[in-house]
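To keep things clear, I will list the structure first and then write my remarks on it.
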Amino acid sequence: MTNTTTVEQQKQAVNEVISKYLTAVRTWDESGFRETFHPKANIQHYYVKGDDIKTITLDEFVASIASLHSKYDNAEEKAREIEIQMVDHLASVRVAFSFVMGPRTMDGQDLFNLAFCKGKWVIVHKSYYL
Numbered sequence: 001m002t003n004t005t006t007v008e009q010q011k012q013a014v015n016e017v018i019s020k021y022l023t024a025v026r027t028w029d030e031s032g033f034r035e036t037f038h039p040k041a042n043i044q045h046y047y048v049k050g051d052d053i054k055t056i057t058l059d060e061f062v063a064s065i066a067s068l069h070s071k072y073d074n075a076e077e078k079a080r081e082i083e084i085q086m087v088d089h090l091a092s093v094r095v096a097f098s099f100v101m102g103p104r105t106m107d108g109q110d111l112f113n114l115a116f117c118k119g120k121w122v123i124v125h126k127s128y129y130l
């Protein structure tokens, strides 16, 4: 990110990371999926029914998405709305989504935190609920 990079250009670059994430989930491109995250990123899933939060590693999240693709013919997170807020080298992204797993569809929200690290935007944290 240079001093001449506009906020709109930064938002576009962040949006491209989120789009790559969504495409990688849909097509189950594990390599592309991992590229959207910082290797030390963590993921938190809020269980609405149990009123509990589970924190997992990126590897555990990868295994979870891979298992959905093994179990169902289709597993896709479809964004309904994406909001991006920028603060210098950090971005906060809210994604309202529907997650399709076989015949089931569940609505939820993602909250991503991204950082501009080593010349690119990466997801450093994801919180979500279904």
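In terms of this note's numbering, the sequence shown is residues 1 to 130. Where is the CB? At the ideal position from N, CA and C, for every residue including glycine.
Roughly how many whole angstroms lie between the Cα atoms of residue i and residue j?
i	j	result
Ile-43	Arg-34	13 Å
Glu-76	Arg-104	11 Å
Leu-111	Val-7	20 Å
Gly-50	Thr-5	44 Å
Asp-82	Leu-130	One point to set straight first is that residue 82 is Ile, not Asp, in the sequence displayed. Ile-82 and Leu-130: Cα-Cα distance of roughly 16 Å.
Val-95	Trp-28	19 Å
Ala-115	Arg-80	23 Å
Asn-113	Ser-64	20 Å
Tyr-128	Gly-119	27 Å
Which whole-angstrom value is the C-beta distance of residue i and residue j, which I expect to be below 8 Å?
i	j	result
Met-86	Gln-10	6 Å
Mind checking which residues open and close the beta strand (DSSP E) that includes residue i?
i	result
Asp-107	104 to 117
Leu-90	90 to 101
Tyr-128	120 to 129
**Message:** Give the list of continuous beta strand (DSSP E) stretches no shorter than 3 residues that lie fully inside the region 6 to 65.
**Reply:** 37 to 47, 52 to 57
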